[in-house]
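Reading through the structure tokens given below for one structure.
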Amino acid sequence: MEKAADKNSQKPPPSSAKLFNKEFIASVIIPLIIFYIFNYRKMALAGTILSGCWCIGVFLFNLIREHKTNILALLSGIFLVIGLLCTILWRNPNIYFVEPIFEDVLYAVIFFSSLFFSRPLIQVFVEDSHIVAFPEEFRKTSQYKSVWKILTIAWGVLNVSQALLRVALLYSVPIELYYAISKIYVNVSSPLLLLFSYKFPKWYWKRIGVKR
């Protein structure tokens, strides 16, 4: 059964060495540079708008390149657009920086709420993406379902931590430092948890002696 599952794997698990790749530079470093240059010249609003436009451009490029997306990625894109439009309409860069806090809270609610359904959100992602095909009998076991509940809780906790960090930074450091720390934290912690999400099920099932 494991061989059959391996044959159905469509892509290898992410590597920690790939965290600081071209995508990280495009989605984190470049928008930070754009904002810092304009903020240094006392043009924070212009820097925020251009940085936001760049992030939306990166999102659209990845969407076109992948030809598909999941609901959370789509929500991220929608939040980016809403945050940028509100920033332009009210001419207040702080709106763009506060918006991710509401986004984190919404994601946390989505992850935790999914625990009350037959399939937690991470299980939905794994099964619908067909990364690995698990035997039908194994999918009915409590051990199979428990691992996805654990990972769903982990992703919910991550989003709560991101929201709390952003709130703490918002009231304690300059806005440019808030932007840098929160953006780097999110774009490092999320890939690390994604890597953990790939490794954890195999380790968990092996530890409790489950044979697939």
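Numbering follows numbering that gives the first Met the number 0, with no gaps: position 122 of the sequence shown is 121.
The beta-carbon is built from N, C-alpha and C at its ideal position, and this holds for glycine as well.
{"query": "When burial is assigned at 16 or more other CB atoms within 10 Å of the CB, is Y106 buried or exposed?", "result": "buried"}
{"query": "In three-state terms, what does DSSP make of A132?", "result": "coil"}
{"query": "Here's a check: name, in chain order, each residue in its chain whose Cβ is nearer than 7 Å to the Cβ of S50, leaving out the five neighbours to either side.", "result": "P30, I33, F34"}
{"query": "Within 10 angstroms of its Cβ, does W154 collect 16 or more other Cβ (buried), or is it exposed?", "result": "buried"}
{"query": "Spatial neighbours of W204 within its chain, please: CB distance less than 6 Å, with the 5 preceding and 5 following residues excluded, ordered by chain position.", "result": "none"}
{"query": "Quick check: what's the CA-CA separation for V172 versus R64?", "result": "37 Å"}
{"query": "Indicate whether T151 and P200 have their beta-carbon atoms separated by less than 7 Å.", "result": "no"}
{"query": "Using the beta-carbon count (16 or more within 10 Å), is F110 buried or exposed?", "result": "buried"}
{"query": "Using CA coordinates, which residue listed in L193, S75, M42 is at the minimum distance from V57?", "result": "S75"}
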